[in-house]
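> Residue numbers (the numbering used here): 90 to 293.
We put the CB at the ideal spot given by N, CA and C, even for glycine.
Quick one: this structure, given as structure tokens, is what I'll be asking you about.
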């Protein structure tokens, strides 16, 4: 199992420049929570530490004691050795890449709306059993059955507002990609087109 403080330092030093906003202590909590969630679902648990039902989101006590200022960016830390294999490191990076695109507010809303948090009383531990029971039903869970980014279909995180009126069969076709790289290529292409479109508006 990973030392959660060392994992936090790894996130801060390697992903701060990839986040759409500064990584605050509360955003760090959400990222760590989702690493715990999906490594549990993928049957490769890497975080032993518990998360409790905090007033505004799931929190880990060690992290809240280590990083206390919720209003400012966490300063860069020295990257520690995580002592995990390459597949486990790829797994962690994959989870982070998919959640870093969300801002702090969106991440908090996501965890607040999800059953493991809602069904746990204030200050009580969100159990592994409730995490697995809920998240293994999400489409994103298919990415971990088994975890193989090159050869398996990729299923992005759910976007309920986009698919709410769609049939299940249509959802299945639209939200999956041949592999993770195809999805990444689409994101890069979309970003490039948006940049070019914005530039053309400026010129006009």
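I'd like the list of long-range same chain contacts for residue 184, defined as Cβ closer than 7 angstroms, with 5 residues on each side in sequence excluded.
So the qualifying residues of the chain are 123, 124 and 127.
> Could you tell me the boundaries of the alpha helix (DSSP H) in which residue 243 lies?
Per DSSP, residue 243 belongs to no alpha helix (DSSP H) and is neither H nor E.
> For residue 192 versus residue 265, is the C-beta distance shorter than 8 angstroms?
Cβ atoms of residue 192 and residue 265: not closer than 8 angstroms.
> Is residue 273 helix, strand or coil by DSSP?
In the structure shown, residue 273 sits in a helix (DSSP, three-state: H, G or I).
> Check each candidate in 276, 104 and 278 and name the one with the smallest Cα separation from residue 189.
Closest option to residue 189, Cα to Cα, is 104.
> Could you spell out the range, first to last residue, of the alpha helix (DSSP H) harbouring residue 230?
Where residue 230 is concerned, there is no enclosing alpha helix (DSSP H), given that its DSSP letter is neither H nor E.
> Quick check: the Cα distance between residue 277 and residue 107, rounded to an integer number of angstroms?
Whole-angstrom Cα-Cα distance: 14 angstroms.
> When DSSP labels each residue in this structure, what does residue 214 get in the three-state scheme?
Three-state DSSP puts residue 214 in a strand.
> Nearest to residue 180 by alpha carbon, out of 113, 116, 130 and 247?
Considering only alpha carbons, the answer is 130.
> With DSSP as the reference, please indicate the residues paired to residue 147 in a beta bridge.
According to DSSP, residue 147 bridges with 142.
> For the alpha helix (DSSP H) that contains residue 265, what are its first and last residues?
Per DSSP, residue 265 belongs to no alpha helix (DSSP H) and is neither H nor E.
> Give me the DSSP bridge partner(s) of residue 136.
91.
> Would you list the one or two residues that DSSP bridges to residue 236?
Its beta-bridge partners are 233.
> Is residue 146 near the ligand SAM, judged by its Cβ being under 7 angstroms from some heavy atom?
Absent from the structure shown: the ligand SAM. Ligands present: none.
> By how many angstroms is the C-alpha of residue 229 removed from the C-alpha of residue 222?
Roughly 14 angstroms between the two C-alpha positions.
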